[in-house]
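Here is the structure we will look at.
2 protein chains.
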Amino acid sequence: MQQHTVDVVVVGAGLAGLSAARAARAKGMSVLVLEARDRVGGKTWNRELPDGRAVEGGGQWIGPDQLHVNALVRELGLETYPTFMSGDSMRLVGDEVRRFAQDEDPWTDEERSDINQAVAALERLAAKIDPQTPWKGRTGEEIDKITFENWLTTTCATAAAREFFTGFLAGIWACDVWEVSLLHIVAGIAAAGGRVERMTGVEGAAQQDRIVGGSQRIALAMARELGDAVVLGAPVRAVAQDADGVTVSADGVEARAAYAVVAVPPALTSRIRFTPALSPGRDQFMQRAAMTNTIKIHVVYERPFWREQGLSGELRSPGSALALTFDNAPRDSDLGVIVGFVEAARATAFRRLTEFERRRTVIDQLVLAFGAEAAAPLEIIEVDWTAETWSRGAHQILMAPGTWSSLGRHIREPEGRVHWAGAETATAWICYMDGAVSSGKRAVEEICRRARR
Amino acid sequence: MQQHTVDVVVVGAGLAGLSAARAARAKGMSVLVLEARDRVGGKTWNRELPDGRAVEGGGQWIGPDQLHVNALVRELGLETYPTFMSGDSMRLVGDEVRRFAQDEDPWTDEERSDINQAVAALERLAAKIDPQTPWKGRTGEEIDKITFENWLTTTCATAAAREFFTGFLAGIWACDVWEVSLLHIVAGIAAAGGRVERMTGVEGAAQQDRIVGGSQRIALAMARELGDAVVLGAPVRAVAQDADGVTVSADGVEARAAYAVVAVPPALTSRIRFTPALSPGRDQFMQRAAMTNTIKIHVVYERPFWREQGLSGELRSPGSALALTFDNAPRDSDLGVIVGFVEAARATAFRRLTEFERRRTVIDQLVLAFGAEAAAPLEIIEVDWTAETWSRGAHQILMAPGTWSSLGRHIREPEGRVHWAGAETATAWICYMDGAVSSGKRAVEEICRRARR
Numbered sequence: 001m002q003q004h005t006v007d008v009v010v011v012g013a014g015l016a017g018l019s020a021a022r023a024a025r026a027k028g029m030s031v032l033v034l035e036a037r038d039r040v041g042g043k044t045w046n047r048e049l050p051d052g053r054a055v056e057g058g059g060q061w062i063g064p065d066q067l068h069v070n071a072l073v074r075e076l077g078l079e080t081y082p083t084f085m086s087g088d089s090m091r092l093v094g095d096e097v098r099r100f101a102q103d104e105d106p107w108t109d110e111e112r113s114d115i116n117q118a119v120a121a122l123e124r125l126a127a128k129i130d131p132q133t134p135w136k137g138r139t140g141e142e143i144d145k146i147t148f149e150n151w152l153t154t155t156c157a158t159a160a161a162r163e164f165f166t167g168f169l170a171g172i173w174a175c176d177v178w179e180v181s182l183l184h185i186v187a188g189i190a191a192a193g194g195r196v197e198r199m200t201g202v203e204g205a206a207q208q209d210r211i212v213g214g215s216q217r218i219a220l221a222m223a224r225e226l227g228d229a230v231v232l233g234a235p236v237r238a239v240a241q242d243a244d245g246v247t248v249s250a251d252g253v254e255a256r257a258a259y260a261v262v263a264v265p266p267a268l269t270s271r272i273r274f275t276p277a278l279s280p281g282r283d284q285f286m287q288r289a290a291m292t293n294t295i296k297i298h299v300v301y302e303r304p305f306w307r308e309q310g311l312s313g314e315l316r317s318p319g320s321a322l323a324l325t326f327d328n329a330p331r332d333s334d335l336g337v338i339v340g341f342v343e344a345a346r347a348t349a350f351r352r353l354t355e356f357e358r359r360r361t362v363i364d365q366l367v368l369a370f371g372a373e374a375a376a377p378l379e380i381i382e383v384d385w386t387a388e389t390w391s392r393g394a395h396q397i398l399m400a401p402g403t404w405s406s407l408g409r410h411i412r413e414p415e416g417r418v419h420w421a422g423a424e425t426a427t428a429w430i431c432y433m434d435g436a437v438s439s440g441k442r443a444v445e446e447i448c449r450r451a452r453r
Numbered sequence: 001m002q003q004h005t006v007d008v009v010v011v012g013a014g015l016a017g018l019s020a021a022r023a024a025r026a027k028g029m030s031v032l033v034l035e036a037r038d039r040v041g042g043k044t045w046n047r048e049l050p051d052g053r054a055v056e057g058g059g060q061w062i063g064p065d066q067l068h069v070n071a072l073v074r075e076l077g078l079e080t081y082p083t084f085m086s087g088d089s090m091r092l093v094g095d096e097v098r099r100f101a102q103d104e105d106p107w108t109d110e111e112r113s114d115i116n117q118a119v120a121a122l123e124r125l126a127a128k129i130d131p132q133t134p135w136k137g138r139t140g141e142e143i144d145k146i147t148f149e150n151w152l153t154t155t156c157a158t159a160a161a162r163e164f165f166t167g168f169l170a171g172i173w174a175c176d177v178w179e180v181s182l183l184h185i186v187a188g189i190a191a192a193g194g195r196v197e198r199m200t201g202v203e204g205a206a207q208q209d210r211i212v213g214g215s216q217r218i219a220l221a222m223a224r225e226l227g228d229a230v231v232l233g234a235p236v237r238a239v240a241q242d243a244d245g246v247t248v249s250a251d252g253v254e255a256r257a258a259y260a261v262v263a264v265p266p267a268l269t270s271r272i273r274f275t276p277a278l279s280p281g282r283d284q285f286m287q288r289a290a291m292t293n294t295i296k297i298h299v300v301y302e303r304p305f306w307r308e309q310g311l312s313g314e315l316r317s318p319g320s321a322l323a324l325t326f327d328n329a330p331r332d333s334d335l336g337v338i339v340g341f342v343e344a345a346r347a348t349a350f351r352r353l354t355e356f357e358r359r360r361t362v363i364d365q366l367v368l369a370f371g372a373e374a375a376a377p378l379e380i381i382e383v384d385w386t387a388e389t390w391s392r393g394a395h396q397i398l399m400a401p402g403t404w405s406s407l408g409r410h411i412r413e414p415e416g417r418v419h420w421a422g423a424e425t426a427t428a429w430i431c432y433m434d435g436a437v438s439s440g441k442r443a444v445e446e447i448c449r450r451a452r453r
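Read top to bottom, the protein sequences are chains A and B.
Numbering of the first sequence is given in UniProt numbering, commencing with residue 1 and proceeding in unit increments.
Numbering of the second sequence is given in UniProt numbering, commencing with residue 1 and proceeding in unit increments.
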């Protein structure tokens with residue numbers, strides 16, 4: 001049993017935990033980071049392509065408004081490059097594939113105006129919600145009692161708007177429209193600056209840039225700086241607090257510290273034994289903040305043949321297993337790479353297929369959209385985040401009606417000497433890489449304020 | 001480290017686990033039950049009154065339709081007695097207390113007919129849902145996408161009906177109307193025989209009888225039969241499966257068995273380390289089947305002074321902390337005992353009060369209803385089930401929209417050699433004591449069917 005004594009012990013070496021450790025060290029505190037996996041990065045995870053380049057098995061995009069992650073990338077000396085997005089995009093409507101130029105609107109005027117009025121209504125609601133405290137105030141309480149679908153049904157008249165918002169929720173919140181409260185979505189928009197377009201878009205928006213070498217490099221670079229202070233393969237099993245400090249016990253390692261930052265999601269925190277027990281409110285919150293259900297799939301081809309046909313690789317097909325695909329070849333690779341996401345109930349159904357059936361499903365869909373050449377991928381790289389013991393899902397928490405308003409305050413409220421970090425605790429860009437980075441820094445600021453008292 | 005080798009190891013000595021162990025032994029199998037607490041009974045827990053008699057800190061009532069628990073009570077030689085329910089009942093409407101005779105309807109004709117048509121509509125839906133598989137079929141899928149409140153708003157016109165159903169959900173599902181899907185409620189009704197009155201009523205219904213000596217006696221009697229096969233203070237930490245069997249590791253005890261029955265709720269199963277990991281679908285189900293949030297409070301007086309005023313002790317006040325109270329004096333006690341329930345968001349708010357404020361809140365409410373004598377209780381016995389580390393809430397699971405239909409099948413689907421029991425896995429009287437008892441027997445039947453193959 002390794003024994004350590006430090007100022008701050010951090011649970012989890014994802015972006016949140018490593019940012020916390022880095023911030024604590026910058027303040028002159030000694031730190032130790034305990035990580036269950038044999039790697040750092042959490043829900044950022046580079047997967048190797050056949051040519052040795054990396055694609056992102058998890059979180060990958062950063063946008064210009066995401067100040068924390070952009071600053072960190074610069075500080076770490078990493079480079080970014082623009083997401084590939086040229087050529088026409090495709091929409092699968094029933095069995096029919098339709099093609100649209102980048103500047104062409106796939107909707108009729110009536111549909112577009114239906115979508116626009118609903119987006120404006122959402123943004124007006126977002127302006128009334130403080131992303132620091134979505135649970136406060138009348139508006140928050142009211143819109144937490146209805147599902148997003150309730151609002152959608154009464155707000156939009158067209159099937160196109162329904163399709164748009166179904167895709168919006170699947171793509172950004174990894175859920176179905178009836179699973180979450182309207183407040184959950186509105187709080188997310190408020191925390192992203194209040195503009196839907198900044199969440200859905202590429203250039204000038206949240207999908208603008210990628211990290212050269214893959215997003216896990218951010219975590220790898222922080223871990224390199226932290227050196228021996230990061231211990232891998234050390235799942236934390238217990239956190240005991242007393243008047244003087246915290247004892248954190250992991251497999252093979254025990255650390256004593258003045259404070260702990262727990263930087264893993266609520267669904268993982270539930271597995272840690274706390275002494276004394278966490279407050280009942282916090283426990284209820286953890287029980288109800290489930291991880292969403294996502295499988296991320298890269299389909300790798302010898303070359304990006306769709307580009308030759310003037311296609312961007314973007315395919316929207318809300319009813320299919322892969323509701324959304326993009327061209328995700330890294331800048332330095334000559335391979336063709338399509339990335340797709342399987343989410344929510346579709347992920348549960350997809351997972352029950354055999355490997356052969358899953359492959360068939362994915363390929364059939366891509367052949368329909370991109371033609372016969374899509375039938376013969378070199379490789380399919382499937383990352384099922386729900387099957388990852390140390391994630392239990394990705395990349396959002398699922399907040400059903402009533403959860404934010406009755407239990408939301410427990411998302412960041414410290415429990416004794418235990419402070420909470422993690423992308424879901426962010427107040428800007430919740431459940432984005434940027435949110436993870438800022439949450440780690442915020443947890444350390446909380447500790448500094450206490451230590452000064 | 002104690003080592004055991006048995007046919008079946010059972011996790012949890014609540015009613016489900018003990019019933020499973022009893023059923024397995026009756027089939028000639030050797031069993032071991034591992035229980036985290038230093039007592040058996042799970043969510044049945046006798047609390048001592050000042051005169052040494054027992055009241056039930058948790059589940060307490062059984063009804064004539066609950067065949068499994070009734071049979072068990074008889075087999076164990078325990079006695080029952082009718083729930084006290086004579087005299088007038090009270091309703092708090094705003095600050096006004098209204099009194100009603102048992103056979104008097106508190107609603108106007110219009111209100112009564114609004115409630116009745118909604119009850120009939122619920123029962124018609126329940127007739128379409130198979131409680132074995134609520135996730136199957138069109139009706140189930142559709143009514144799982146809306147909250148109970150959505151349905152209520154479109155089905156009922158009167159505030160009285162809203163109050164009735166708010167109380168119905170708080171009392172039976174321990175939740176607010178916007179927190180769960182309509183399917184969750186309809187499945188519960190279907191599993192209770194399809195008749196709302198059989199759930200809400202006393203005589204001839206689910207609240208008809210109590211156990212002499214308190215409901216925990218059922219578990220205590222089963223544990224006595226099982227003798228050394230029940231190990232207390234042994235929280236199970238890990239379950240490892242291989243081709244030949246299961247190894248279950250608890251603090252201080254390790255057991256090897258052919259099969260395991262896990263008879264604790266999903267929120268507790270989440271804390272156990274499974275090797276290999278449970279399927280992603282099961283894991284998602286566990287994340288989303290949170291325990292509901294309940295505090296059960298007994299207020300103990302020298303005598304049941306309300307009876308002298310011709311009052312039953314029943315008080316319905318949906319807006320107050322104690323939404324529902326009853327006279328809960330055990331048959332053999334001369335004390336006056338009022339039991340009340342604080343549920344859902346009201347429990348979260350109540351818990352944030354100081355002990356003094358909580359006492360004030362409870363007493364003020366009882367004084368308003370029952371008069372000045374209610375101001376001086378001998379004792380207040382508060383059981384906060386959410387604060388119980390080995391329960392994490394009571395007595396229901398909270399199934400938000402989409403959960404039953406997308407993940408419900410995982411509620412009982414065995415994972416290798418691990419079978420599931422627990423009141424929430426029942427197909428009749430879900431989350432009742434009866435459901436706990438039948439679930440344990442059903443899990444053992446599954447194992448017998450496998451063993452015969």
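Every residue, glycine too, gets a C-beta built ideally from N, C-alpha and C.
Nothing here was measured: the structure is a model prediction, and the numbers come from that model.
Item	Value
Taking C-beta pairs closer than 9 Å, name the residues in chain A that ASP176/B reaches, listed in chain order.	LYS145, PRO401, GLY402 and SER406
Counting only beta-carbon separations shorter than 8 Å, does residue 455/B have a partner in chain A?	An answer regarding residue 455/B cannot be provided, because it is not within the stretch 1 to 453 covered by chain B.
Quick check on GLN3/B: buried or exposed, where buried means 16 or more other Cβ atoms within 10 Å of its Cβ?	exposed
Counting Cβ pairs closer than 8 Å, one from the region 215-232 of chain A and one from the region 5-12 of chain B, do we hit at least three?	no
Is it a yes or a no for the region 446-453 of chain A touching the region 311-321 of chain A, going by three-plus beta-carbon pairs under 8 Å?	no
If you draw a straight line from the C-alpha of ALA174/A to the C-alpha of ALA26/B, how long is it?	48 Å
Taking the CB atoms as reference points, tell me whether ILE380/B and ARG359/B lie closer together than 8 Å.	yes
Quick one: what does DSSP say HIS298/A is sitting in, helix, strand or coil?	strand
Below 8 Å on C-beta distance, what does MET90/B contact in chain A?	Neighbours of MET90/B on chain A: none; closest Cβ ~27 Å, over 8 Å.
Along the chain, which unbroken stretches of the beta strand (DSSP E) at least 3 residues long are found entirely within the region 41-91 of chain B?	46-48, 54-56 and 80-82
Per DSSP, GLY340/B forms a beta bridge with which residues?	ILE297/B and THR325/B
Taking 8 Å as the CB-CB limit, is GLY416/B close to chain A?	no
Could you give the residue range of the alpha helix (DSSP H) that holds ILE447/B?	433-452
Can you tell me the Cα-Cα spacing of THR325/B and TRP385/B, whole angstroms?	17 Å
Which residue's Cα is closest to the Cα of PRO401/B: ARG162/B, ALA101/B, TRP107/B and LEU182/B?	LEU182/B
For the alpha helix (DSSP H) containing HIS184/B, name the first residue and the last one.	182-191
Is ILE143/A helix, strand or coil when you go by DSSP?	helix
What whole-angstrom Cβ distance do TRP45/A and ALA206/A have, given they're in contact under 8 Å?	Wrong, their Cβ atoms sit about 19 Å apart, outside the cutoff.
When you compare each of PHE305/B, SER320/B, ASP65/B and ARG37/B to LEU268/B by their alpha carbons, which one comes out closest?	ARG37/B
Judging by CA-CA distance, which residue of THR427/A, GLN117/A, GLY227/A and GLU142/A is the nearest neighbour of SER406/A?	GLU142/A
Can you list the residues of chain A that PRO280/B reaches, using a CB-CB cut of under 7 Å?	ARG351, ASP384, THR386 and ALA387
Please list, in chain order, the chain A residues whose beta carbon lies closer than 9 Å to that of GLY393/B.	PRO280, ASP283, GLN284 and GLN287
Is there at least one Cβ from chain A nearer than 8 Å to ARG271/B's Cβ?	yes
Check for me: the alpha helix (DSSP H) holding ALA161/A runs from which residue to which?	159-173
Could you list the residues in the region 130-164 of chain B with a C-beta less than 9 Å from some C-beta on chain A, going in chain order?	ASP144, LYS145, ILE146, THR147, GLU149 and ASN150
Would the beta-carbon of ARG409/A fall within 8 Å of that of TRP135/A?	yes
With a threshold of 6 Å on Cβ separation, who are the neighbours of PHE165/B within its own chain once the five nearest residues in sequence on each side are excluded?	LEU152
Taking 8 Å as the threshold (beta carbon to beta carbon), is GLU179/B in contact with chain A?	yes
Bridge partners of ARG273/A, per DSSP?	ALA238/A
Helix, strand or coil: how does DSSP classify ARG37/B here?	coil
Note down, in chain order, every chain B residue with its Cβ under 8 Å from the Cβ of ALA345/A.	GLY402, SER405 and SER406
Sort out for me which residues DSSP pairs ILE381/A with in a bridge.	HIS298/A
How would you call ASN150/A, buried or exposed, if buried means at least 16 neighbouring beta carbons within 10 angstroms?	buried
By a C-beta neighbour count over all protein chains shown, 10 Å radius and 16 as the cutoff for buried, is GLU48/A buried or exposed?	exposed
Check whether chain A comes within 8 Å of ALA267/B, counting only Cβ atoms and requiring the distance to be less than that.	yes
Got a sec: is the Cβ-Cβ distance from ALA290/A to anything in chain B below 8 Å?	yes
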